[in-house]
Ligand SMILES: [Mg+2]
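Numbering (the numbering used here), first residue to last: 1 to 234.
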């Protein structure tokens with residue numbers, strides 16, 4: 001059994017190397033946790049919502065909401081206070097949180113993108129790579145505009161054009177479509193395990209950064225985006 005698994009892993013790695021050899025033509029980036037970090041803004045918005053309900057809410061609690069949908073996040077926040085509210089009230093609360101979060105997004109500036117991220121994107125573009133965003137967020141375009149990255153991307157695939165969230169590969173498959181490239185011609189950059197699962201399910205090679213670097217099947221583990229251009233060049 002273990003022999004079979006090892007065999008599969010070997011062929012997956014060979015496949016990734018083969019992908020690099022036939023030259024990648026596009027890179028698809030997850031947004032939050034890869035290019036920008038909106039954790040603190042989500043924390044502020046959920047804190048305000050929890051405060052109003054008299055529910056204590058900490059940064060550790062906020063960590064449990066990473067990569068979780070808004071509705072599921074609200075259920076977790078409510079469970080922290082043992083609060084029970086109707087479905088209608090839940091919709092109102094989730095909407096209020098999102099309104100506040102969107103107002104906080106308006107305060108983002110180009111300073112919210114690190115020089116390393118900006119340099120890596122510039123290098124990839126100079127290499128002739130097509131770049132896309134693959135994010136489940138419905139706020140992706142607002143964020144890209146606020147931090148001044150929108151113009152660096154040829155396409156944005158986000159929560160507005162998908163029906164299934166990661167780990168479903170839909171958001172990345174749409175991004176590749178928008179770039180007029182096949183999954184085999186693109187690499188994905190992800191910081192979440194569900195995102196790596198989505199990329200691999202779609203037939204993409206995948207860079208894992210942050211928490212995603214511990215994913216057992218990720219194609220390349222990286223510490224920062226500065227490593228991406230060299231890998232893509234093969
Ligand atoms: Mg992410």
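For glycine and all other residues, C-beta sits at the position ideal for the given N, C-alpha and C.
Near residue i, what residues of its chain come up, given a Cβ to Cβ distance below 7 Å and the 5 sequence neighbours on each side ignored?
i           : result
residue 59  : 43
residue 138 : 158, 159, 160
residue 45  : 97, 100, 101, 104
residue 221 : 208, 213
residue 215 : 193, 196, 208
residue 48  : 100
residue 31  : 133, 135, 137, 140, 143
residue 67  : 192, 194
By Cβ distance, which residues of its chain are closer than 8 Å to residue i, with the 5 residues on each side in sequence left out?
i           : result
residue 226 : 116, 119, 120
residue 129 : 24, 25, 26, 27, 232
residue 80  : 50, 55, 56, 57, 61
residue 17  : No answer about residue 17 holds up, because its pLDDT of 45 lies below 50 and its placement is not dependable.
Report all residues from its chain with a CB closer than 6 Å to the CB of residue i; omit the five preceding and five following residues, and keep chain order.
i           : result
residue 189 : 29, 34, 207
residue 6   : Because the pLDDT of residue 6 is 39, which lies under 50, any placement of that residue in the model is unreliable, and the number read from its coordinates should be weighed accordingly. Closer than 6 Å at the Cβ level, and outside the excluded window around residue 6, lies no residue.
residue 162 : 170, 171
residue 183 : 176, 202, 203, 204
residue 78  : none
residue 84  : none
residue 110 : 147, 148
Mind checking which residues open and close the alpha helix (DSSP H) that includes residue i?
i           : result
residue 117 : 115–126
residue 143 : 140–147
residue 36  : Careful: residue 36 lies outside any alpha helix (DSSP H) and carries neither H nor E.
residue 199 : 193–201
residue 71  : 70–80
residue 156 : Not the alpha helix (DSSP H): residue 156 falls in the beta strand (DSSP E), residues 155–157.
residue 62  : 59–63
Just to confirm, are residue i and residue j a CB contact at a threshold of 9 Å?
i           : j           : result
residue 238 : residue 153 : The requested residue 238 is not part of the displayed model; the chain covers only 1 to 234.
residue 174 : residue 234 : no
residue 143 : residue 219 : no
residue 156 : residue 187 : no
residue 74  : residue 94  : yes
Return yes when the C-beta of residue i is under 8 Å from any heavy atom of ligand 3, and no when it is not.
i           : result
residue 192 : With respect to small molecules bound, the structure shown includes ligand 1 and not ligand 3.
Identify the continuous beta strand (DSSP E) that holds residue i and give its terminal residues.
i           : result
residue 85  : That residue, residue 85, is in no beta strand (DSSP E); it is neither H nor E in DSSP.
residue 131 : 130–134
residue 29  : 26–29
residue 190 : 186–190
residue 178 : Counting along the chain, residue 178 falls outside any beta strand (DSSP E), though it belongs to the alpha helix (DSSP H) covering 170–179.
residue 205 : 205–208
Residue i and residue j look like a contact to me (Cβ under 8 Å); what is the Cβ gap, rounded to whole Å?
i           : j           : result
residue 191 : residue 147 : Not confirmed; about 17 Å, so no contact.
Worksheet item: With contact counted as at least three CB pairs below 8 Å, one residue from each stretch, are the stretch 189–205 and the stretch 166–178 in contact?
Response: yes
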